[in-house]
Amino acid sequence: MYLISVYFDKKTTQELDRLIKYIARNTKNDFMIKHQVPPHLTIASFESKSIEALLEAFSLTVNTLKSIPIDIVSPGALLPYVMYAAPILSMDLREMNRHINAFLMNCKDVNVGKYYQPDQWLPHITLGKTLTKEEMQIAFQTLQQYFVPVRGYVTEIGIAGTNPHTDLLRVQLKP
1 MYLISVYFDK KTTQELDRLI KYIARNTKND FMIKHQVPPH LTIASFESKS IEALLEAFSL
61 TVNTLKSIPI DIVSPGALLP YVMYAAPILS MDLREMNRHI NAFLMNCKDV NVGKYYQPDQ
121 WLPHITLGKT LTKEEMQIAF QTLQQYFVPV RGYVTEIGIA GTNPHTDLLR VQLKP
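Per our numbering, the very first residue in the sequence shown carries number 1; after that it's consecutive.
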């Protein structure tokens with residue numbers, strides 16, 4: 001499986017990293033740090049047997065995308081194992097999701113993941129993963145203490161492999 005994700009400006013990344021580290025320290029669950037998962041927002045998932053050809057086409061299609069503002073406004077949970085930060089699903093973010101999914105749907109030999117398709121997508125930025133029930137409670141308390149809303153910018157987009165997270169291509173978005 002591959003993920004197409006967006007990444008953030010330096011200040012936003014530092015704030016999200018701070019929350020990831022607080023959760024890891026307080027829960028003793030360092031999955032995100034140990035696996036070097038950067039703060040990101042996945043906007044599409046897919047499977048493909050010919051990733052090399054897709055990478056070239058991807059870099060051409062994202063050449064038209066621009067950096068967009070993002071408001072990260074609330075912590076949340078995907079039960080039973082994940083704590084996340086939730087952005088507002090702005091028109092800009094929705095259009096980026098639609099653009100990338102339209103690109104994937106037009107690619108040969110690509111199976112698009114159903115949970116990231118337009119109108120079936122819960123945007124989230126994972127802060128803690130593989131958490132036990134007890135760790136989830138600690139993570140929630142941690143976010144109650146340290147989470148503050150963030151106004152940031154989506155500045156990059158890329159394709160990554162999973163398990164472990166491996167960046168295959170990252171592209172800087174136009175200002």
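Where is the CB? At the ideal position from N, CA and C, for every residue including glycine. Only a predicted model underlies this, so the values are computations on that prediction, with no experimental measurement involved.
Look at Val-62 here: in three-state DSSP terms it is helix. The residue from Lys-21, Pro-69, Asn-97 with its alpha-carbon nearest to that of Lys-34 is Lys-21.
With contact defined as three or more Cβ pairs closer than 8 Å, the stretch 154-165 and the stretch 35-52 are in contact.
In the structure shown, Phe-147 falls within a coil segment according to DSSP collapsed to helix, strand and coil. Looking at the DSSP output, Asp-167 shares a beta bridge with Ala-160.
Distance from the CA atom of Phe-8 to the CA atom of Asn-106, rounded to whole angstroms, is 27 Å. Close CB contacts of Gly-128 within its chain, under the 6 Å cut and outside five residues either way in sequence, are with Ile-23, Met-83, Ala-139 (chain order). DSSP, reduced to helix, strand and coil, places Thr-27 within a helical segment of the structure shown. Between the alpha carbons of Ile-100 and Ala-44 lies a gap of roughly 7 Å.
Close CB contacts of Lys-133 within its chain, under the 7 Å cut and outside five residues either way in sequence, are with Pro-80 (chain order). Rounded to the nearest angstrom, the Cβ distance from Ile-88 to Gly-152 is 12 Å, too far for a contact under 8 Å. DSSP links Lys-10 through a beta bridge to no other residue. Nearest in C-alpha terms to Lys-66, of all of Ile-51, Thr-166, Leu-93, is Leu-93.
Distances from the CA of Lys-28 to each of Glu-135, Pro-118, Ala-57, Phe-46 were compared; the closest alpha carbon is that of Glu-135.
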